[in-house]
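Everything below concerns the one structure shown next.
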Amino acid sequence: MVNKLISLGRATLDKFAAMGRATYMLFGALIAVPQPIKNTPLFIRQVYVVGVQSLLIVSVSGLFIGMVMALQSYTVLTDYGAEDSLGPMVALSLLRELGPVVTALLFAGRAGSALTAEIGLMKATEQLSSLEMMAIDPLRRVIAPRFWAGFVSMPMLALIFSAVGIIGGKLVGVDWLGVDEGSYWSVMRSSVEFSEDVVNGFIKSLVFALVVTWIAVFNGYDCVPTSEGISAATTRTVVNSSLAVLGLDFILTALMFGL
Amino acid sequence: MLTRKIELLVGVFVAIAIAAGLMLSLYVANQGISGDQETYQLKAKFDNIGGLKVRSAVKVGGVIVGRVADIRLDDKNFTPVVTLDISTQYRDLPETSSVAILTSGLLGEQYIGLQPGFSFEGIDVLEDGDFIEDTKSALVLEDLIGQFLFSKSKE
Chain P
2 MVNKLISLGR ATLDKFAAMG RATYMLFGAL IAVPQPIKNT PLFIRQVYVV
52 GVQSLLIVSV SGLFIGMVMA LQSYTVLTDY GAEDSLGPMV ALSLLRELGP
102 VVTALLFAGR AGSALTAEIG LMKATEQLSS LEMMAIDPLR RVIAPRFWAG
152 FVSMPMLALI FSAVGIIGGK LVGVDWLGVD EGSYWSVMRS SVEFSEDVVN
202 GFIKSLVFAL VVTWIAVFNG YDCVPTSEGI SAATTRTVVN SSLAVLGLDF
252 ILTALMFGL
Chain W
76 MLTRKIELLV GVFVAIAIAA GLMLSLYVAN QGISGDQETY QLKAKFDNIG
126 GLKVRSAVKV GGVIVGRVAD IRLDDKNFTP VVTLDISTQY RDLPETSSVA
176 ILTSGLLGEQ YIGLQPGFSF EGIDVLEDGD FIEDTKSALV LEDLIGQFLF
226 SKSKE
């Protein structure tokens, strides 16, 4: 009994210690005098790795999710003679929920795991210690550009996801199923509110970007420097960030669209 | 050489993202009456507002000219008072205008239909804060069925 309590206490303390290390790492990486000339090339390289290379999977998934949503909602909407509502149906679900959430999940799988593995291997092969030996702060040289790149890229990917999804919905709804093109766009425009839907979706994707990238770089930086440690850290990144995204999404939705 | 290629691809990526953002804000979202535009307020008392909500549309002949700003109960005679934000573009509504709560389609949402009245000598224009006197309440299905049954039973 006492042993159980001890192990529970130890697990709790470990969790809190990890959160503290994560916060410490984030502030260590972000609070610095900006050095644009030195850091911009590093940042751009990471935007390429994290953002540009995720573009294909994000836009293809966006296209297919938009198409499937148009196809599925058409069958239900047509029962009520409300095919005209296909546009807002597709646009609102993409902008409010699916765009930020699915992009964040894909991003965690595609870019987050890669970040963790890369940083973890750097740690295992003692590259991070070598940087410190050369008086280069690995937090600023390795962590900061990766964090900023993820934080900037993911909202852009979410925007692209939603836009491509709406086009996919139009391909299926208008070009294949024969919903009137004019009403697809105009009914969509009359029910999508810029300040309400587009901006709130964007805020969501900013929050998810922060959480996913933070979890990814921290798990890499904090991993046990062995091959098993790296694989466990990569798994943890994907699992934790997916759970965090889904949980946060509920809270954000309740705050933004609730009542 | 490699850096140039990477910079180019990142530039393309950012350009696509900006294009997507522009498409979402200009083509998908409405730029119509969304609170940023200048509006003036009119009020109307109804017996029953049905399913009318804040931000429901106010239409003249199907064209959206404003939105419902506020719905509250008059604390003296307990009738709902609806405040309408009307775009200042449509300034000269005569005071003989009437409003009715209508439903778009069979299952659609409810909106306010504004019917501009005739304006001739001696009829003033509605100013900010004025009440529209002539109102028609929402159709409540249960009331209709009740009236129908009542008139049937009398026969």
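Note that the protein sequences, when read in sequence, are chains P and W.
Going by my numbering, the first sequence opens with residue 2, and the numbers climb by one from there.
Going by my numbering, the second sequence opens with residue 76, and the numbers climb by one from there.
The C-beta atom is built at its ideal place from N, Cα and C for all residues, glycine as well.
In this structure, DSSP gives Asp209 (chain W) an extended state, which the three-state scheme calls strand. Fully enclosed beta strand (DSSP E) runs of no fewer than 3 residues are not present anywhere in the segment 199-257 of chain P. Below 8 angstroms, too few C-beta pairs join the segment 7-18 of chain P and the segment 118-126 of chain P to call them touching: fewer than three. Between Gly121 (chain P) and the set P:Ser74, P:Val143 and P:Leu87, the nearest pair of CA atoms involves P:Val143. Take Ala105 (chain P), set aside five residues on each side of it, and the residues of its chain with a beta-carbon closer than 6 angstroms to its own are Phe209, Val213 and Val246, in chain order. Here Ala144 (chain W) is not near Thr163 (chain W), since their CB atoms are 8 angstroms or more apart.
The continuous alpha helix (DSSP H) containing Ile168 (chain P) extends over residues Ala145 to Lys171. For the pair of segments examined, the segment 87-95 of chain P was found not to touch the segment 117-137 of chain W: the number of CB pairs separated by less than 8 angstroms stays below three. Around the beta carbon of Gln222 (chain W), fewer than 16 other beta carbons lie within 10 angstroms, which makes this residue exposed. Contact fails between the segment 213-226 of chain P and the segment 123-131 of chain W, because fewer than three Cβ pairs, one in each stretch, are under 8 angstroms apart. Secondary structure of Leu159 (chain W) (DSSP, three-state): strand.
For Gly179 (chain P), there are no neighbours in chain W by C-beta distance under 8 angstroms, as the nearest C-beta there is about 20 angstroms away.
Residues of chain W whose Cβ lies closer than 7 angstroms to the Cβ of Ala210 (chain P) do not exist; the shortest such Cβ separation is about 13 angstroms.
Assignment of Gly179 (chain P) by DSSP, reduced to helix, strand and coil, places it in the coil class.
Residue environment for Asp198 (chain P): buried (at least 16 other C-beta atoms within 10 angstroms of its C-beta). Gly141 (chain W) is bridged by DSSP to W:Val133 and W:Ile161. The beta-carbon separation of Phe195 (chain P) and Gly63 (chain P), rounded to 20 angstroms, does not stay under the 8 angstroms limit for a contact. Leaving aside the five residues that flank Ala234 (chain P) on each side, the residues in its chain whose CB is nearer than 7 angstroms to its CB run, in chain order, Thr117, Gly121, Asn220, Gly221 and Cys224. Chain order gives the chain W residues near Ala92 (chain P) as Val103, where near means a beta carbon separation below 7 angstroms. The beta-carbon of Thr78 (chain W) is placed less than 8 angstroms from the nearest beta-carbon of chain P. For Ala90 (chain W), not one C-beta of chain P is nearer than 8 angstroms to its own C-beta. Secondary structure of Val215 (chain W) (DSSP, three-state): coil. Shown here, Thr114 (chain W) sits in a strand according to DSSP, grouped into three states. Look at Glu184 (chain W) here: in three-state DSSP terms it is coil, with no helix or strand label. Taking Asp167 (chain W) as the centre and dropping the five residues before and after it, the same chain places the C-beta of Ser194 and Val200 closer than 8 angstroms to its C-beta, in chain order.
Nearest CB-CB separation between Ala95 (chain W) and chain P: below the 8 angstroms threshold.
Sequence-distant partners of Met257 (chain P) (beyond 5 residues in either direction) whose C-beta falls short of 6 angstroms from its own C-beta, in its chain, are Asn201. Close CB contacts of Leu95 (chain P) within its chain, under the 7 angstroms cut and outside five residues either way in sequence, are with Gly67, Ser163, Gly166 and Ile167 (chain order).
Chain P has a Cβ within less than 8 angstroms of the Cβ of Glu82 (chain W).
The alpha-carbon of Ala132 (chain W) is positioned some 15 angstroms away from that of Tyr115 (chain W). The Cβ atoms of Pro169 (chain W) and Val135 (chain W) do not sit closer than 8 angstroms to each other.
In the structure shown, the three-state DSSP call for Arg166 (chain W) is coil. Residues of the same chain with a CB within less than 6 angstroms of the CB of Ala175 (chain W), apart from the 5 flanking positions on each side, are Gly188 and Lys211 in chain order.
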